[in-house]
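First up is the structure itself, then whatever we jot down about it.
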Amino acid sequence: MSFNYQSLHGELVESVQTWTEKSFDSKLEQLTQLVRIPSLAWPGVDRQPLLDSAEKIRSLFESTEIFETVEIVESAANGTPAIIARRSAKPGFPQVLLYAHHDIQPAGDLEQWNTEPFEPTIKGDRLFGRGASDDKAGVITHLAACEMLRDLEEEINVGVTVFIEGEEEIGSPNFVSFLEKNREKLSADLIVVADSGNFELDTPALTTSLRGLVSLEFTVTTLDHPLHSGVFGGVVPDSMLALTQLLASLHDKSGAVAVKGLKSINDSEIDVPESFIRQQAGVLDGVELIGEGGIVGRSWYQPSITVIGIDNPQVAVSSNTLQASTRCKISARISPNDDPHSALEAIKEHLLSEVPFGAKLEFFETELGSPYLARESWATNLAKDAMEAAYGRPAIEMGVGGSIPFIAEFGIQFPEAEVLVTGVEDPDARAHSPNESQHLPTFRKAMQTHGLILLQANRIHAE
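In the numbering used here, the protein residues as written are 900 to 1362.
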């Protein structure tokens, strides 16, 4: 369904700014309450904090008193808890789905944290704590938008569905079946995802592309048993020698991916200086960047392949031995216009054709994640207008080199819906890393952005 959006109603901007100023401290307090809950969905950890987080979020959205139903729904039998709240649209008005997730990454090495990960701490203009930015600030941003709709509109026409997932950080294993099972509850004309970020601290961005994911485990075998390296070295090829030569074939001398059959998109018109990426990534002096073309294009639109694990004796327990077999795992990010199934086959064909010394190659576990490429629509124009009003500068359309497969799945399951990918992160949020933080001015502007989107949607009618 298409909706008649012309431009953002000017009177909404001032009212949203005023509401945010009055309500910011209470929203920050709600965020800190959520950050204190170690809501991990990882197998083997205590599930009670995840259940506590779901119940807390359920009560927050129920307290808005705008929803017909607010419930906790398990993703599968004995699965992780998601929260679904729904209010149906009046005829001719859009149904808007607001997505975020309340599960988090593990804290990791506590010695690398400057604060306690589950004791939210404000330093300067940042709130530090695990999940502060990814994605509990997204949850509260959606809550604020719902409260603005309640407080600032005399009549609510728009339909609002809130979907707070509980297993995004473990790869959303039940996402497809959950959407299928709850299709009626989750159907929408517009889906707003709060799980991305901005191009830079003060530049708002609408994420319009995501690279897909292909990961693959395999073994390289040259012998039927390990051998003494002094007796047989220099004559008999061991599995590690074969593996290192095979892995080297995945890239050319510049570091660009050399696998035939993987797609790419022409470079973005946006680019950043090399110094920017060197600083953000912590690249050591003298270390060269890899790949060809613009830096943004390399990050957003070209494939990349990374070796993320090799099973071989560690140095501490190594011996003078030729290893018979070595297991490896690679992770590839594919262009937004590529297909993960065809990309997987291209990588397998490359490995089979390049394996040296006649070594034996055996494939094992794979993981596939679909890329995402947005379409221009009334919804993207609305989002960019709302961002410009909140941030005071035009929004850009950006890609993200990482993968969020569930976003593509929204498009597959609800092909008529428009999908907007927004978020509250910035380049220094350090999501998934020690010292994760939420930039508080960005949190404030994100609330204004999402509030404007929802309030404007309340005034948009189908064409």
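Using N, Cα and C, we set each Cβ at its ideal position, and we do this for glycine too.
- CA-CA distance, VAL1075 to GLN1312, rounds to 8 Å.
- GLU928 counts as exposed, since fewer than 16 other C-beta atoms from the protein chains shown sit within 10 angstroms of its C-beta.
- In this structure, LEU1161 and ALA1245 form a Cβ contact; the two beta carbons are roughly 6 Å apart against a cut-off of 8 Å.
- Of the candidates SER1071, ASN1056, SER1332, the residue whose Cα lies closest to the Cα of GLU1010 is SER1332.
- Out of LEU939, GLY978, ILE1090, LEU1115, the CA that lies nearest to the CA of LEU1267 is found in LEU1115.
- Pairing LEU933 with SER952 gives a Cβ-Cβ distance under 8 Å.
- In the same chain as PHE1098, and ignoring 5 residues on each side of it, the C-beta atoms closer than 7 Å to its own belong to ALA1104, ILE1295, MET1297, in chain order.
- Secondary-structure assignment with DSSP links GLN994 through a beta bridge to GLY1058.
- Scanning its chain for C-beta atoms nearer than 7 Å, with the 5 sequence neighbours on each side dropped, one finds around GLU1191 the residues SER1153, ALA1155, in chain order.
- DSSP, reduced to helix, strand and coil, places TYR1271 within a strand of the structure shown.
- ASN903 and ILE1359 do touch by the CB rule: their CB atoms are close to 6 Å apart, below 8 Å.
- Taking each of ALA1036, SER1234, THR1348, GLU1187 in turn and checking the Cα distance to GLY1111, the smallest one comes out for SER1234.
- SER906 carries a coil assignment under DSSP once its states are collapsed to helix, strand and coil.
- HIS1001 counts as buried, since no fewer than 16 other beta carbons sit within 10 angstroms of its beta carbon.
- Within the model, the alpha-carbon separation for LYS1035 versus VAL1130 is close to 59 Å.
- The three-state secondary structure of ALA1104, taken from DSSP, is strand.
- Residue range 1336 to 1338 is occupied by the beta strand (DSSP E) that includes GLN1337.
- Buried is the label assigned to LEU1026, since at least 16 other Cβ atoms lie within 10 Å of its Cβ.
- GLU954 sits in a helix when the DSSP states are folded into three classes.
- The three-state reading of DSSP puts THR1279 in helix, counting H, G and I together.
- Put simply, the region 1082 to 1091 touches the region 1057 to 1067. At least three CB pairs are less than 8 Å apart.
- Taking HIS1124 as the centre and dropping the five residues before and after it, the same chain places the C-beta of ALA1223 closer than 7 Å to its C-beta, in chain order.
- For PRO1304, the enclosing alpha helix (DSSP H) stretches over residues 1304 to 1312.
- Secondary-structure assignment with DSSP links MET1297 through a beta bridge to THR1106.
- Comparing alpha-carbon positions, the option among GLU1315, GLN1178, SER1230, LEU1100 lying closest to ARG1274 turns out to be GLU1315.
- Assignment of VAL1075 by DSSP, reduced to helix, strand and coil, places it in the helix class.
- In this structure, VAL972 places its C-beta atom within 8 Å of the C-beta atom of ASN1081.
- Per the coordinates, the alpha-carbon of GLY1070 lies some 22 Å from the alpha-carbon of ASP1008.
- Using a 10 angstroms sphere on the CB of GLU1317, the tally of other CB atoms reaches 16 or more, which defines it as buried.
- Annotation: LEU1126 to PRO942 spans about 38 Å, alpha carbon to alpha carbon.
- Around the CB of ARG1343, 16 or more other CB atoms lie within 10 Å, so the residue is classed as buried.
- In the structure shown, THR1265 falls within a strand segment according to DSSP collapsed to helix, strand and coil.
- Restricting attention to LYS1159, GLY1322, VAL912, GLU1068, the CA atom closest to the CA of LEU949 is found in GLU1068.
- In this structure MET900 is exposed. Its beta-carbon is surrounded by fewer than 16 other beta-carbon atoms within 10 angstroms.
- Per DSSP, the unbroken beta strand (DSSP E) holding LYS1022 starts and ends at 1020 to 1022.
- In chain order, HIS1360, ALA1361 place their CB closer than 7 Å to the CB of GLY991, counting only its own chain and leaving out the 5 sequence neighbours on each side.
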